[in-house]
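>
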Ligand SMILES: [Zn+2]
């Protein structure tokens, strides 16, 4: 199934950056653009997010062209870049902690 970058709203829908007209660039910062998602009128939540918060979703092409997916219509392919970075930092700390323990044991 095709993979697309999207952002989840609190209501459970995922909006896709490449097909949704509800996502626009809000403003630019030093670390990149900040996007603004305005959900459908029945939800109307506004979400601000950066490119690093986008996740990869696998879904059918039909759902992608509709510009959003409901719960159950997609699979999350990866954690966000920020979450991946946290996980790597965490693993590194565990490694360094066990390493210093080995040094102390010598
Ligand atoms: Zn919503």
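In my numbering, the protein residues as written are 13 to 118.
We put the CB at the ideal spot given by N, CA and C, even for glycine.
Could you say which of 54, 37 and 38 lies nearest to residue 167 if we only look at CA atoms?
Any question about residue 167 goes unanswered here, given that the chain covers just 13 to 118.
> Kindly identify the DSSP beta-bridge partner or partners of residue 48.
Within the chain shown, residue 48 is the residue found at index 36, counting from 1. DSSP lists 36 and 60 as partners of residue 48.
> Mark residue 32 as exposed unless 16 or more other C-beta atoms lie within 10 angstroms of its C-beta, in which case mark it buried.
By 1-based counting over the chain shown, the position of residue 32 is 20. Around the beta-carbon of residue 32, 16 or more other beta-carbon atoms lie within 10 Å, marking it buried.
> Is residue 81 helix, strand or coil when you go by DSSP?
Indexing the chain shown from 1 puts residue 81 at position 69. Of the three classes helix, strand and coil, the one that applies to residue 81 here is strand, per DSSP.
> Using a Cβ-Cβ cutoff of less than 6 Å, which residues in the same chain neighbour residue 15 once the five nearest sequence positions on both sides are dropped?
Taking the chain shown and counting its residues from 1, one reaches residue 15 at position 3. Once the five neighbours on either side are set aside, the close Cβ partners of residue 15 are 68, 70 and 89.
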